[in-house]
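In my numbering, the protein residues as written are 218 to 468.
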Amino acid sequence: MVESPFTMSKPTIHLIISLLILLTGRGSSEEQSQPLSLVSLTEWKVPGTWAIAGNLVGSTQEKKWKSIEPGEGVLYNGSEGKAGNLESRKEHGDVEIEAEFMVPKGSNSGIYLMGRYEVQILDSYGKADAVLTYGDCGGIYERWDESKPEKEKGYEGTAPATNASSAPGAWQTFLIRFRAPRFDGEGRKIANARFIRVEHNGVVIHEDVEVTGPTRGGIDGPEKALGPISVQGDHGPVAFKKLEVRPAKFE
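Written as structure tokens, this is what we have:
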């Protein structure tokens, strides 16, 4: 006997809906994808002196770790905070990144989307909104052209809309939605990369920011459709207890 839609149980209805979604390919790519955790030494090409700890305490007075506890769950750039940059084994295009990070007093790092477009990490606690620059925490870093006159070498760059920074030594969060540059069938770029949305500690600091090319300090070479996630490790101590990358698809 075939059940009438009016007499079907809820589990039966949910099963039918799931099967329809599976068969028709409905559902967003973000719903179907699983995040990749980068809080692991095995996910990076050359982890160098980056290490895993159980917990860290960042100094509120100095650019150093106050303490490092053994264990699992936190990725950090060594006891001196002078490790090389990380580069992920896997390459990505459009992504959503969730990060939970911490820096001690005065420290500096950054997350590079596709290895080329940096969202800055910095101890910017207490800085007034009126004087924020691209170099402050959450800023989209400037571009650089060595062939230009001295005062024009650095250009573009976007300051965060507001200073959402927590005090040094506190854990902070980023949510980054990023659209990769687009290329035609012959490899010519037809659309620039865009930061669709960036949130810092739950506060929106960027919406729909176009990046015309790689920002300063990114990996060498021309822009591509796919690229690695990179993390700056040589400007001071930084730690991550969450760094997840989820494939996305933005129009």
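Glycine included, every Cβ here is placed at the ideal spot set by N, Cα and C.
Computed from a predicted model, the values in this text were never measured in an experiment.
Checklist entry - Name the DSSP beta bridge partners of Phe467, please? => result Note: Phe467 sits in no beta bridge, so no partner.
Checklist entry - Considering only the beta carbon of each residue, do Val448 and Pro252 sit closer than 9 angstroms? => result no
Item to check | With 16 other Cβ atoms within 10 Å as the buried cut-off, status of Pro454 | outcome: buried
Next on the checklist: Taking the beta carbon of Ala270 as the centre, do at least 16 other beta carbons fall within 10 Å, making it buried, or is it exposed?
Outcome noted: buried
Item to check | C-alpha gap between Gly450 and Gly298, whole angstroms | outcome: 7 angstroms
Item to check | Residue from Lys441, His452, Tyr351 whose Cα sits closest to the Cα of Asp311 | outcome: Lys441
Item to check | Alpha-carbon spacing of Ser383 relative to Tyr342, whole angstroms | outcome: 6 angstroms
Item to check | Residue from Arg306, Gly419, Phe467 whose Cα sits closest to the Cα of Arg399 | outcome: Phe467
Checklist entry - When the Cα atoms are used, what is the spatial distance from Gly386 to His417? => result 16 angstroms
Checklist entry - From Ser254 to Lys365, what distance separates their C-alpha atoms? => result 40 angstroms
Next on the checklist: By the three-class DSSP mapping on this structure, what secondary structure does Ala381 have?
Outcome noted: coil
Next on the checklist: Considering only the alpha carbon of each residue, which of Lys406, Ile338, Arg405, Leu443 lies closest to Asn380?
Outcome noted: Ile338
Checklist entry - With DSSP run on the structure shown, which of helix, strand or coil describes Leu349? => result coil
Checklist entry - Among the residues of its own chain, which have a CB less than 7 angstroms from the CB of Arg396, if the five just before and after it don't count? => result Asp311, Ala410, Arg411, Ile413, Phe467
Checklist entry - How many angstroms separate the CA atom of Tyr372 from the CA atom of Thr350? => result 12 angstroms
Item to check | Under the three-state DSSP convention, the category Glu367 falls into | outcome: helix
Item to check | The beta strand (DSSP E) enclosing Asp425, as first and last residue numbers | outcome: 420-428
Checklist entry - In terms of residues, what are the limits of the beta strand (DSSP E) holding Trp388? => result Where Trp388 is concerned, there is no enclosing beta strand (DSSP E), given that its DSSP letter is neither H nor E.
Next on the checklist: Can you check which of these residues, Leu292, Ala345, Pro287, Lys283, is closest to Ala456 by C-alpha distance?
Outcome noted: Leu292
Checklist entry - How many Å lie between Trp388 and Leu273 at the Cα? => result 10 angstroms
Next on the checklist: If distances are taken between C-alpha atoms only, which option among Ala316, Gly355, Thr277 comes closest to Ala378?
Outcome noted: Gly355
Next on the checklist: Any contact between the region 418-433 and the region 282-292? By contact I mean 3 or more CB pairs, one from each, below 8 angstroms.
Outcome noted: no
Item to check | Span of the beta strand (DSSP E) around Arg411 | outcome: 410-417
Item to check | Start and end residues, beta strand (DSSP E) containing Ala316 | outcome: 312-319
Checklist entry - In terms of residue numbering, what span does the beta strand (DSSP E) encompassing Arg306 cover? => result 303-309
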